[in-house]
Amino acid sequence: MSKVVVVTSGKGGVGKTTSTAALGAALARAGNRVCVVDFDVGLRNLDLVMGAERRVVYDLINVANGDAKLAQALIRDKRVDTLSLLAASQTRDKDALSEEGVARVVDELRGLFDYVLCDSPAGIERGALLAMRFADEAVVVTNPEVSSVRDSDRIIGLLDSKTLRAEQGQRLQKQLLLTRFDPGRASRGEMLGVADVLEILSIPLLGIVPESEEILRASNIGAPITINAATSQAGRSYEDAARRLMGESVPMLVPGEKKSLLNRILGRRAAA
Amino acid sequence: MSLFGLFKPRNATAPVARERLQILLAHERVALGPDNLIAVLRDEILATIAKHVEIAPDAVKVTMGQQGAVSTLEIDVDIPTEKIAAGLARQAPAKAVA
Ligand SMILES: Nc1ncnc2c1ncn2[C@@H]1O[C@H](COP(=O)(O)OP(=O)(O)O)[C@@H](O)[C@H]1O
Ligand SMILES: [Mg+2]
């Protein structure tokens, strides 16, 4: 059965696009048929992060409006053949995307893929609402930082009220992906910890991705980190998160928590 | 003063962030209305039923409707018949006592 997952956050720049690419590639490498869909109309970036920017001919709006067939718009990944991309349009007219059009595209995607990952634009406007509208599940991407946590709380409220599933009285699974986590700063009390964010947002944890240079390197060369550096720490966090999304139970490693108590005390002292 | 107090860095601002967020979000969740009331109700109803009968997460549907001056809450639960029988069998001794 096909699953539509929205990757959302409210706030911009927290790692939605990075996470969509990394989770999509990891799911595809695990043998699933996966399509990642860019809903960020006017500010498309998923194509760039996936390294497919020069292959975009038709986009989501073309398909939604019936100007192109889905098969013409899907871009098959050159490294993982079960992975496809549907790019966003660069039009400035944000209303160019209609709800009926999106419904039709998502329906058709369900027939072709095991997972459809929708990369949401930032904000709580039309674009973000369309990206979540037909989702069965949500990955809420949050940074351990006050404004990101607040915006995620807002998005959780919208997931529970503005999605088709919510309106039909069905449950929509929401899971937290904590990204750009800095273990050192969290352990020194300079940054919200994992437990803090979980307690405040009270949704289950899908994974913790550390702040990492590897992520920048991966986006520089246009390869999702789960393809390019799957064994790096950030790569492994995304691999684990993808397996949890598939329903496997994978032990949760909090980056930096393997340090001994002595190290932690010394760390605090050095920071003081 | 505790031993840890000795090493507590001056810039441990995360507890302040956490407290400010908890207060702010408590207000905002109320101010933004009962948007997720249905979701909360559904999760709690599901949890309550699941304590007694094995049930799929999707089996509970909750919808809110309006008819004139009254709002109606419709709760629709699908439970396979054999699960109900098993659930009742387990509860039977307790009922006999009561
Ligand atoms: N774990 C991470 N470590 C370091 N940089 C990250 C991490 N996650 C995302 N970034 C960087 O943050 C920026 C914003 O990420 P992006 O995925 O585009 O966010 P969004 O789609 O939410 O706006 C990008 O430059 C990206 O490379
Ligand atoms: Mg983005």
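Residue numbers (my numbering), protein chains in the order written: chain A, 1 to 272; chain B, 273 to 370. For glycine and all other residues, C-beta sits at the position ideal for the given N, C-alpha and C.
Query: Assuming contact is defined by CB atoms lying nearer than 8 Å, are A:K162 and A:L129 in contact in what I supplied?; Result: yes
Query: With a cut-off of 8 Å, does the C-beta of B:A370 fall near any C-beta of chain A?; Result: Residue placement at B:A370 is flagged as unreliable, the pLDDT there being 39, under the threshold of 50; a coordinate-derived value is accordingly withheld.
Query: Going along chain A, which residues have a C-beta under 8 Å from B:V334?; Result: G169
Query: Count Cβ pairs between the stretch 55-71 of chain A and the stretch 3-21 of chain A that sit closer than 8 Å; are there 3 or more?; Result: no
Query: For a test of the three-state rule: what should DSSP assign to A:S260, helix, strand or coil?; Result: Because the pLDDT of A:S260 is 43, which lies under 50, any placement of that residue in the model is unreliable, and the number read from its coordinates should be weighed accordingly. In this structure, A:S260 counts as coil in the three-state DSSP scheme.
Query: Would you say the beta carbon of A:N228 comes nearer than 7 Å to a heavy atom of ligand 1?; Result: no
Query: Got a sec? Which residues, its chain only, sit under 6 Å from A:V250 by beta carbon, not counting five neighbours each side?; Result: D240, R243 and R244
Query: I'd like the ranges of any beta strand (DSSP E) spanning at least 3 consecutive residues and lying wholly in the stretch 31-109 of chain A.; Result: 34-38 and 83-86
Query: When you compare the CB of A:I124 with every CB in chain B, is at least one pair closer than 8 Å?; Result: no
Query: Output needed in chain order: residues of the stretch 190-204 of chain A with a Cβ under 7 Å from some Cβ in chain B.; Result: E190, M191, L192, G193, D196 and I200
Query: Between the stretch 149-162 of chain A and chain B, which residues of the former have CB atoms less than 7 Å from a CB of the latter, in chain order?; Result: V149, R150, D153, G157, D160 and S161
Query: Which residues bound the beta strand (DSSP E) around A:M252?; Result: Per DSSP, A:M252 belongs to no beta strand (DSSP E) and is neither H nor E.
Query: Check this for me: beta carbons of A:S147 and A:K11, under 8 Å apart or not?; Result: yes
Query: In whole angstroms, what separates the C-alpha of A:G207 from that of A:S9?; Result: 15 Å
Query: Is the CB of B:I321 under 8 Å away from at least one CB in chain A?; Result: no
Query: According to DSSP, what are the bridge partners of A:V276?; Result: Because chain A spans 1 through 272 in this model, residue 276 of chain A falls outside it and cannot be assessed.
Query: Give me the pocket residues for ligand 2, defined as CB within less than 5 Å of any heavy atom, sorted by chain position.; Result: A:K16 and A:T17
Query: Going by C-alpha to C-alpha distance, which of A:N143, A:R104 and A:A25 sits closest to A:N62?; Result: A:R104
Query: Which of the three DSSP states is assigned to A:T226 in this structure?; Result: helix
Query: Less than 8 Å between the beta carbons of A:N220 and A:T179, yes or no?; Result: no
Query: Cα-Cα, which of A:R154, A:S84, A:G127 and A:V14 is closest to A:I200?; Result: A:R154
Query: Less than 7 Å between C-beta atoms, sequence neighbours within five positions excluded: which residues of the same chain meet that for B:A366?; Result: Low confidence applies to B:A366: its pLDDT is 48, below 50, so where it sits in the model is not reliable enough to give any reading.
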